[in-house]
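Here the protein sequences line up with chains F and E, keeping their order. Using my numbering, read the first sequence as starting at 1 and increasing by one per residue. Using my numbering, read the second sequence as starting at 1 and increasing by one per residue. No residue lacks a Cβ here, since even glycine has one placed at the ideal position from N, Cα and C.
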Amino acid sequence: MCPMTDESEQRREIGHDEYDPVGTLALITVYFLIIALLWVFMYFVEFLGNEPTVVGTFLTVVGLA
Amino acid sequence: MSNAYIDDFPAEAKLVRTAFYSSFLALALGGVFGIIQTLHRTGYYRFIDSADYYTVLTAHGVFLVISFTIFFLVGVFTWAITTSLDRGVEDLRFTWGWYGLMAIGITLSGVAILAGFTDATDISASVLFTFYAPLQAHPMFYLGLVLFVVGTWLAGADWFRSWWAWKQENPDARIPLPTFMVLTTMLMWYIATLGVAAAILLFLLPWSLGLVDSVNPLLTRTLFWFFGHPVVYFWLMPAYMMWYIMLPKVSGGKLFSDPLARVVFVLFLILSVPTGIHHQYLDPGIAEGFKFIAMTNTMFLLLPSLLTAFTVVASMEHGARQRGGEGYFGWLTALPWRDPVFTGMALAGLMFAAAGFSGMINAGMNINYLVHNTFWVVGHFHLTVGTAVALTFMAVTYWFLPQITGRALWSRSVALGQVVLWFVGMTFMSNAMHRGGLLGVPRRTAEPQYDGFEFEAAVGSMGELQAQIALGGILLTLSLVLFFANVFGTALNGRSDELPANEYAGTLSGPEDAPLVLDNLKLWTAIAVVLVIFAYTFPLLSIVDRGGLFGPDINPLPVSLETVHLLAFVLESHATGALESIAWLGVSR
Numbered sequence: 001m002c003p004m005t006d007e008s009e010q011r012r013e014i015g016h017d018e019y020d021p022v023g024t025l026a027l028i029t030v031y032f033l034i035i036a037l038l039w040v041f042m043y044f045v046e047f048l049g050n051e052p053t054v055v056g057t058f059l060t061v062v063g064l065a
Numbered sequence: 001m002s003n004a005y006i007d008d009f010p011a012e013a014k015l016v017r018t019a020f021y022s023s024f025l026a027l028a029l030g031g032v033f034g035i036i037q038t039l040h041r042t043g044y045y046r047f048i049d050s051a052d053y054y055t056v057l058t059a060h061g062v063f064l065v066i067s068f069t070i071f072f073l074v075g076v077f078t079w080a081i082t083t084s085l086d087r088g089v090e091d092l093r094f095t096w097g098w099y100g101l102m103a104i105g106i107t108l109s110g111v112a113i114l115a116g117f118t119d120a121t122d123i124s125a126s127v128l129f130t131f132y133a134p135l136q137a138h139p140m141f142y143l144g145l146v147l148f149v150v151g152t153w154l155a156g157a158d159w160f161r162s163w164w165a166w167k168q169e170n171p172d173a174r175i176p177l178p179t180f181m182v183l184t185t186m187l188m189w190y191i192a193t194l195g196v197a198a199a200i201l202l203f204l205l206p207w208s209l210g211l212v213d214s215v216n217p218l219l220t221r222t223l224f225w226f227f228g229h230p231v232v233y234f235w236l237m238p239a240y241m242m243w244y245i246m247l248p249k250v251s252g253g254k255l256f257s258d259p260l261a262r263v264v265f266v267l268f269l270i271l272s273v274p275t276g277i278h279h280q281y282l283d284p285g286i287a288e289g290f291k292f293i294a295m296t297n298t299m300f301l302l303l304p305s306l307l308t309a310f311t312v313v314a315s316m317e318h319g320a321r322q323r324g325g326e327g328y329f330g331w332l333t334a335l336p337w338r339d340p341v342f343t344g345m346a347l348a349g350l351m352f353a354a355a356g357f358s359g360m361i362n363a364g365m366n367i368n369y370l371v372h373n374t375f376w377v378v379g380h381f382h383l384t385v386g387t388a389v390a391l392t393f394m395a396v397t398y399w400f401l402p403q404i405t406g407r408a409l410w411s412r413s414v415a416l417g418q419v420v421l422w423f424v425g426m427t428f429m430s431n432a433m434h435r436g437g438l439l440g441v442p443r444r445t446a447e448p449q450y451d452g453f454e455f456e457a458a459v460g461s462m463g464e465l466q467a468q469i470a471l472g473g474i475l476l477t478l479s480l481v482l483f484f485a486n487v488f489g490t491a492l493n494g495r496s497d498e499l500p501a502n503e504y505a506g507t508l509s510g511p512e513d514a515p516l517v518l519d520n521l522k523l524w525t526a527i528a529v530v531l532v533i534f535a536y537t538f539p540l541l542s543i544v545d546r547g548g549l550f551g552p553d554i555n556p557l558p559v560s561l562e563t564v565h566l567l568a569f570v571l572e573s574h575a576t577g578a579l580e581s582i583a584w585l586g587v588s589r
């Protein structure tokens, strides 16, 4: 058995105006780069050596042919 | 005396506890079937007949994504409404009524599924979680699902009733954020479940009862996916709610923006339903143009998820900086990684970021052709519902258990080990599933091995992928064992007077910064309905036009786009016919 201890050891109070989430920007930039690289990688997995898979004229797109 | 939820709302705490325990029972059953099928599929240990694999798969799917998730979320939503409005439910009998209906419903469906293992009865429902035609289940399965869904509808009515009563007393106040999240989620759910209600009541149940000879499989598939995509947001939005209102608090900070959170939930209400056709990119019989509309709507859905990534990470960072964190990445070390509630949710969010990428692949119309019906898709949803949702639910359970039982958590260390083990197990299992899918390994297959054909991996080997999946499955099972040890251990603890208070996160930018129009639920519901009409009217009419309401086998109906009134007539006559045959059955018995 162990008691639920409160881990929130707050050292300072940061209000709305003094808070600048640069760390979030940094993390999301990293995520964006990963996604972009994977997107480039996808080209090799999907298209290299294959034809594009969705083809159609206007008529097939609107379901008339 | 503490200020835990059970102290303020003892009767409601009992309901939330019961809903959670129901959900955990489903989690245990689903977990058992999960490890059986993992070992069977990978060929490591096969003790069931491969024909029974599909019964196992159905049980794994239905117990986990219907009962585990939805019982848990009705508990969370009841907590959220009562806590944020600071009032008990309006009528406790009604509340227990909807819980009872859900419990009876899922029991009927569950028994129908499990009966598939024995030849003693002819009852079975091995139709997988995606229970559309031509797979047919015993009527008990469909009836159970109907009762279960009606139970959730009544639950929603209960929460709306609380809100209306609260509004009478607080006419000018903004809707508290947790209540806002519950209400928008339920509005989305009401629209979404119309599809499954129509599929079951008009087609699958009459078909299973023998009242009609056949159905139009594409129509039941389309109606299923009308519900089948938004249901994933029904699982996800309670997890989002936890990320918005609990994660900032356990990080030691505040929610970055209440208005952004409202925008996200409004976007989910609007965009969740008119996207289902993206599950049917490979279905012949739906024109590419309609699929393109569904793809566009789906890509718009990335917006609320990316907004969430920003808001939730910024809220965590706020906590980390208040705890003394510094630098671009250094703040990450100031987060409370020893707290299982935090770590579980943060790891769940990390997995969800990976799932975002595989989801974008699934959503792209042409790239989807590469992974459609492969193991990739299974890898994807084990990251979303299997980790983002399930791990978040398990992590917040460690916060909720003391609140609803009045007992201290049995072991925080075991809890921390549990959430990390889940993350590690799922990393092995899911990445191997994704890679297997790229090699063309099919999903929903008991024995994915073929004579004279080998899947060839560019990196690694099939054996390595199978080993990773089996290892991942075993780690996930161990993680579940630790989870249940904590649930039981906590239930056996004595009552504690030193529990944390029942609170959720404050906000840096509060509801006063949110435009009033965000709280206009009627407006958003109307827009959602209009988008659904745009996305579905023509595909549905064209499916009926081509295949008939009840399939091409019996009297194709002369329905066309020009004769919509005829469609109404046909629907009416079929409904009357169905009613007459029910009455006739009653008389003849």
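- Along the length of the region 276-310 of chain E, whole beta strand (DSSP E) runs at least 3 residues long do not occur.
- At least one CB atom of chain F sits nearer than 8 Å to the CB of Q322 of chain E.
- Residues S22 of the same chain have their beta carbon placed closer than 7 Å to that of A103 of chain E, with the five preceding and five following residues left out of the count.
- Taking the beta carbon of A26 of chain F as reference, the chain E residues within 7 Å of it are Y328 and F329, listed in sequence order.
- When Cβ-Cβ separations below 8 Å define contact, Y43 of chain F makes no contact with chain E.
- Flagged as an interface residue toward chain F: I367 of chain E, by a C-beta distance shorter than 8 Å.
- In the structure shown, Y99 of chain E falls within a helical segment according to DSSP collapsed to helix, strand and coil.
- Judged by DSSP secondary structure, S509 of chain E falls within the beta strand (DSSP E) whose first and last residues are T507 to S509.
- DSSP, read as helix, strand or coil, puts P230 of chain E in helix.
- Bridge partners of R495 of chain E according to DSSP: E:R407.
- Three or more Cβ pairs closer than 8 Å define a contact, and the region 353-362 of chain E meets that threshold against the region 382-390 of chain E.
- Under a 10 Å Cβ-count criterion, G406 of chain E is classified as buried, with 16 or more other Cβ atoms of the shown protein chains found around its own Cβ.
- Interface residue (Cβ-Cβ distance to chain F less than 8 Å): V487 of chain E is not classified as such.
- Chain-ordered, the chain E residues with CB closer than 8 Å to the CB of V22 of chain F read Y328.
- Contacts between L38 of chain F and chain E, judged by CB atoms closer than 7 Å, involve F357 in chain order.
- Judged by DSSP in its simplified three-state form, Y450 of chain E adopts strand.
- Assigned with DSSP and collapsed to three states, T374 of chain E falls in strand.
- If the five residues before and after P448 of chain E are omitted, its C-beta is found closer than 7 Å to the C-beta atoms of R41, V441 and P442, all from its own chain and listed in chain order.
- If you draw a straight line from the Cα of A467 of chain E to the Cα of R46 of chain E, it is about 15 Å long.
- Scanning chain F for C-beta atoms nearer than 8 Å to the C-beta of S509 of chain E yields H16, reported in chain order.
- Interface criterion met: the Cβ of A314 of chain E is under 8 Å from a Cβ in chain F.
- Look at the beta carbons and you see the region 431-439 of chain E touching the region 458-475 of chain E: at least three pairs across the two are nearer than 8 Å.
- Within chain F, no C-beta atom comes less than 7 Å from the C-beta of G548 of chain E; the nearest is roughly 17 Å away.
- G88 of chain E places its beta carbon 8 Å or farther from that of A137 of chain E.
- Counting C-beta pairs with one atom in each stretch, the region 71-78 of chain E and the region 121-131 of chain E have fewer than three that are closer than 8 Å, which means they do not touch.
- For S162 of chain E, the enclosing alpha helix (DSSP H) stretches over residues P139 to E169.
- With at least 16 other beta carbons inside 10 angstroms of its own, V16 of chain E counts as buried.
- The continuous alpha helix (DSSP H) containing F77 of chain E extends over residues T69 to L85.
- The CB of A353 of chain E comes closer than 8 Å to the CB of Y31 in chain F, given here in chain order.
- In its chain, beyond the 5 residues on either side, R41 have a beta carbon closer than 8 Å to the beta carbon of T445 of chain E.
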